[in-house]
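Enquirer:
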Amino acid sequence: MTVRVRMAPSPTGSPHVGLVRTALFNWAFARHHGGTFVFRIEDTDRERSTQESYDAIIDLMRWLGLDWDEGPEVGGPHAPYFQSERGDLYRDALERLAASSYTYDCFCTNEEVDARRKDSGSKVMGYDGFCRELSAEQRAAFEAEGRKPVVRFRMPDGSITWHDLVRGEVTFETRFVPDYALCRANGDPLYTLVNPVDDAYMEITHVLRGEDLLSSTPRQLALYDALVELGIAKQTPEFGHLPYVMGEGNKKLSKRDPEAHALAYREQGFLPEGLLNYLALLGWAIAADRDVFSMEEMVAAFDIADVNPNPARFDIKKAEAINASHMRLLSLDEMTDRVLPYLKSAGVVSDPVTDADARLLELAMPLVAERINKLTESVDMLGFLFVSEDDFVVDPADAEKFLDDDGRAVVRRALERLSGLDEWSSAAIQEALQAELVEAMGLKPRNAFGPVRVAISGRRVSPPLFESMELLGRDRSLARLQSALG
RNA sequence: GCCCCGUUCGUCUAGCGGCCCAGGACGCUGGCCUCUCACGCCGGAAGCACGGGUUCGAAUCCCGUACGGGGUACCA
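Take 4 as the starting number for the first sequence in our numbering and just add one per residue.
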């Protein structure tokens, strides 16, 4: 059997990291088994679905490199992949279900159902099956009142058990699973119908989804039996329910939480492989003693049975640390390529980048590669090398601390000594400053080089000072020392 | 209320009856390296929710309890 899995987001709002984790596990599962990863858009809710959200999801998936075999923009044998374009399929399924009495029309109002539950003292919420066996007269009476029915699925008696791919055996007694609506009174099909019908037509073999759908699985299993019977589904898929991604305080990471927005991680300078690696760790481990790995390694090792069923708290610190590990894995050329878009959008270099800036960047990259943990950190780290002397500014707080009277005295001595330097190389600069400031003035290294660093880079934190000065060049370095003096 | 799922260091996890007086990672912390910041390296504190079983032996299996989460719609 060929594995076919899918992810089916609703294009509402900004895509959530939980969506990414679900997509990742589905994708890894498909790739591991040499199967097919289907991407479908559940845009049945026309009110809430937006083009912006759809665009963001596509953009996100592309950035992450989670490629799909069938779906929007790539097509496939089960097109269309937008639920809004599949209405005929749902209407047809509804008719066939009704014709075989798998469903019935229900005319009850919520108030009537609640009132009956109160009278009976039942502890089970939801629908009580009142309209299951309506006589022709009763039906006619409801219609005469102008009532329009919803379509309900007739749950079978007994219990429903399945082997959950993540949790093992799960059983529900159907007396706790009321007959449920497949279609609104106005004729709009509901998620309860549309999702299984699409999975059936798309021949989905494994459904890996969030834990929140666990309790709707018995309903889907019962529906699937009917769909198989009617020849709409070839077989019932297997189900696996993935644990939640939680936010602060044991709550499901909500859309309101800034940490929930997947694309924000790109803006923050995360590597896609770093984010993905971290998200994979939420519920899965590649080995007992390792947690940094590539997606290729994940695909090779991924087994849905190994997924941990308990919810995981999203920890931004660890996400950053995992990302940092991936940063270290990049070659200098790769890191330069990755960093460039961030430098451009911050205005550090022009777009397109000039040859001179490209050369400077190539020389500067080795100085910062080991000391940035996110791509955006390159902006603060490298800015001083690229900025014109007119636009160069010293951080006010750092200036106050390092360029006081004592600091300026240090800078003055450095300037005097360096002005007479024959060879402008990091080694020569270091030798000169060491002799002048540390040995002659008797300063501790940090007190000696701190003021010079702030004068040169504008910040207390910078790439290595002497190399930086070499790259900046003699004229600009001396000019910055001069301007620091007042 | 009822149904379902879950419970190993602060956090993410390894563990699927003896290899565990529980291993790794992040974070925290002591130190080394050092021109700042990082990186890197060495060390430390920190956990099997509780109670009963089963077994020669339980973090691992079973049953309760507690706690957390989800569901209970003409939402998805």
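By construction, the Cβ of each residue, glycine as well, lies at the ideal position given by its N, Cα and C atoms.
Could you say if the segment 459-476 and the segment 397-405 meet the contact criterion of at least three C-beta pairs nearer than 8 angstroms?
Expert: The segment 459-476 vs the segment 397-405: in contact.
Enquirer: Check for me: the alpha helix (DSSP H) holding W165 runs from which residue to which?
Expert: In the first sequence, the residue the question calls residue 165 occupies position 162. W165 -> not in any alpha helix (DSSP H); beta strand (DSSP E) instead, spanning 162-167.
Enquirer: By how many angstroms is the C-alpha of I319 removed from the C-alpha of H166?
Expert: Here residue 166 corresponds to residue number 163 of the first sequence, with the count starting at 1. Here residue 319 corresponds to residue number 316 of the first sequence, with the count starting at 1. Distance between the alpha carbons of H166 and I319 is about 34 angstroms.
Enquirer: Compute the distance between the beta-carbons of Y93 and V200, then report whether it is under 9 angstroms.
Expert: Within the first sequence, residue 93 is the residue found at index 90, counting from 1. Within the first sequence, residue 200 is the residue found at index 197, counting from 1. It is a contact, given that the beta carbons lie within the stated cut-off.
Enquirer: Between which two residues does the beta strand (DSSP E) holding F40 run?
Expert: One-based indexing of the first sequence puts residue 40 at position 37. Run containing F40: 39-42, per the beta strand (DSSP E) assignment.
Enquirer: On the CB-based measure, 16 or more other CB atoms within 10 Å of its CB, does T5 come out buried or exposed?
Expert: Translated into positions along the first sequence, residue 5 becomes position 2. With fewer than 16 Cβ atoms within 10 Å of its Cβ, T5 is classed as exposed.
Enquirer: Would DSSP call C205 helix, strand or coil?
Expert: Locating residue 205 in the first sequence gives position 202, counting from the first residue. Correcting the residue type first, residue 205 is Met in the shown sequence and not Cys. Coil, per DSSP.
Enquirer: Check each candidate in F145, A359, A147, S218 and name the one with the smallest Cα separation from I163.
Expert: Numbered from 1 along the first sequence, position 160 holds the residue referred to as residue 163. When each option's Cα is compared against that of I163, the closest is S218.
Enquirer: I need the DSSP call for G410, collapsed to helix, strand or coil.
Expert: Numbered from its first residue, the first sequence carries residue 410 at position 407. Helix at G410.
Enquirer: Once DSSP output is grouped into helix, strand and coil, what is the label at L279?
Expert: Sequence index remark: in the first sequence, residue 279 carries index 276 (1-based). In this structure, L279 counts as helix in the three-state DSSP scheme.
Enquirer: Exposed or buried, what is R187 when buried is set at 16 or more other beta-carbons lying within 10 Å of its beta-carbon?
Expert: Taking the first residue of the first sequence as position 1, residue 187 is located at position 184. The residue is exposed, with fewer than 16 neighbouring Cβ atoms inside 10 Å.
Enquirer: Quick one: Cα of G68 to Cα of R331, how far?
Expert: For the purposes of this step, residue 68 is taken as residue 65 along the first sequence, with counting starting at 1. For the purposes of this step, residue 331 is taken as residue 328 along the first sequence, with counting starting at 1. Rounded to whole angstroms, G68 to R331 spans 20 angstroms at the Cα level.
Enquirer: Across which residues does DSSP place G213 in a beta bridge pair?
Expert: Here residue 213 corresponds to residue number 210 of the first sequence, with the count starting at 1. According to DSSP, which records beta bridges pairwise, G213 is partnered with L245.
Enquirer: May I have the straight-line CA-CA distance separating A265 from V210, to the nearest angstrom?
Expert: Within the first sequence, numbered from 1, the residue matching residue 265 stands at position 262. Within the first sequence, numbered from 1, the residue matching residue 210 stands at position 207. Cα to Cα, A265 sits roughly 22 angstroms from V210.
Enquirer: How is the beta strand (DSSP E) around T174 delimited, first residue to last?
Expert: Position 171 of the first sequence, counted from the start, is the residue given in the question as residue 174. Taken as a continuous stretch (DSSP letters only), the beta strand (DSSP E) holding T174 covers 171-176.
Enquirer: Could you check what DSSP says for V116 in three-state terms: helix, strand or coil?
Expert: The residue labelled residue 116 in the question sits at position 113 within the first sequence. DSSP places V116 in helix when its eight states are reduced to three.
Enquirer: Can you tell which of E176, E426, P467, P18 has the C-alpha that lies nearest to the C-alpha of D478?
Expert: In the first sequence, the residue the question calls residue 478 occupies position 475. Checked all of E176, E426, P467, P18; the closest Cα to D478 is E426.
Enquirer: Do K258 and G78 have their C-beta atoms closer together than 9 angstroms?
Expert: By 1-based counting over the first sequence, the position of residue 258 is 255. By 1-based counting over the first sequence, the position of residue 78 is 75. The answer is no: Cβ separation not under 9 angstroms.
Enquirer: Please list the terminal residues of the continuous beta strand (DSSP E) segment that includes A184.
Expert: On the first sequence, residue 184 is found 181 positions in, with the first residue counted as 1. Note, A184: beta strand (DSSP E), 183-186.
Enquirer: Would you kindly check if the distance between the Cβ of T112 and the Cβ of R155 is under 9 angstroms?
Expert: Within the first sequence, residue 155 is the residue found at index 152, counting from 1. Within the first sequence, residue 112 is the residue found at index 109, counting from 1. Their beta carbons are not under 9 angstroms apart, which means R155 does not touch T112 by this criterion.
Enquirer: Is A26 near P14, with beta carbons less than 9 angstroms apart?
Expert: Numbered from 1 along the first sequence, position 23 holds the residue referred to as residue 26. Numbered from 1 along the first sequence, position 11 holds the residue referred to as residue 14. Not in contact: A26 and P14 (Cβ atoms no closer than 9 angstroms).
Enquirer: Just how far apart, CA to CA, sit Y204 and D91?
Expert: Taking the first sequence and counting its residues from 1, one reaches residue 204 at position 201. Taking the first sequence and counting its residues from 1, one reaches residue 91 at position 88. One C-alpha to the other measures close to 13 angstroms.
Enquirer: May I ask which residues mark the beginning and end of the beta strand (DSSP E) holding V2?
Expert: For residue 2 there is no data in the structure shown, the boundaries of the chain being 4 and 489.
Enquirer: By a C-beta neighbour count over all protein chains shown, 10 Å radius and 16 as the cutoff for buried, is G73 buried or exposed?
Expert: As a working mapping, residue 73 is identified with position 70 in the first sequence. The question names Gly, but residue 73 in the sequence shown is Glu. That one is buried.
Enquirer: Tell me the residue span of the beta strand (DSSP E) that contains Y107.
Expert: For the purposes of this step, residue 107 is identified with residue 104 of the first sequence, where counting begins at 1. Note, Y107: beta strand (DSSP E), 106-109.
Enquirer: Just to confirm, is the Cβ distance from F469 to L436 under 9 angstroms?
Expert: The sequence position of residue 469 within the first sequence is 466, counting from 1. The sequence position of residue 436 within the first sequence is 433, counting from 1. A contact, by the Cβ cut-off of 9 angstroms.
Enquirer: Taking DSSP's pairing of strands, which residues face P192 in a bridge?
Expert: Taking the first sequence and counting its residues from 1, the one referred to as residue 192 is at position 189. Note: P192 sits in a beta bridge opposite C186.
Enquirer: Just tell me which of D260, A236, R316 has its CA closest to the CA of P246.
Expert: Numbered from its first residue, the first sequence carries residue 246 at position 243. Nearest C-alpha to P246: R316.
Enquirer: Looking at the strands, I want to know which residues DSSP matches up with A290.
Expert: Counting from one through the first sequence, the residue named residue 290 turns up at place 287. Answer is R293.
Enquirer: State buried or exposed for P221, treating a residue as buried only when at least 16 other CB atoms are found within 10 Å of its CB.
Expert: For this step, residue 221 is matched to residue 218 along the first sequence. Buried.
Enquirer: How should N326 be labelled, buried or exposed, when 16 other C-beta atoms within 10 angstroms of its C-beta is the threshold for buried?
Expert: The sequence position of residue 326 within the first sequence is 323, counting from 1. N326 is buried by the Cβ-count criterion.
Enquirer: Which residue from E299, V371, S381 puts its Cα closest to that of P467?
Expert: The residue given as residue 467 occupies position 464 in the first sequence. That would be V371, whose Cα lies nearest to the Cα of P467.
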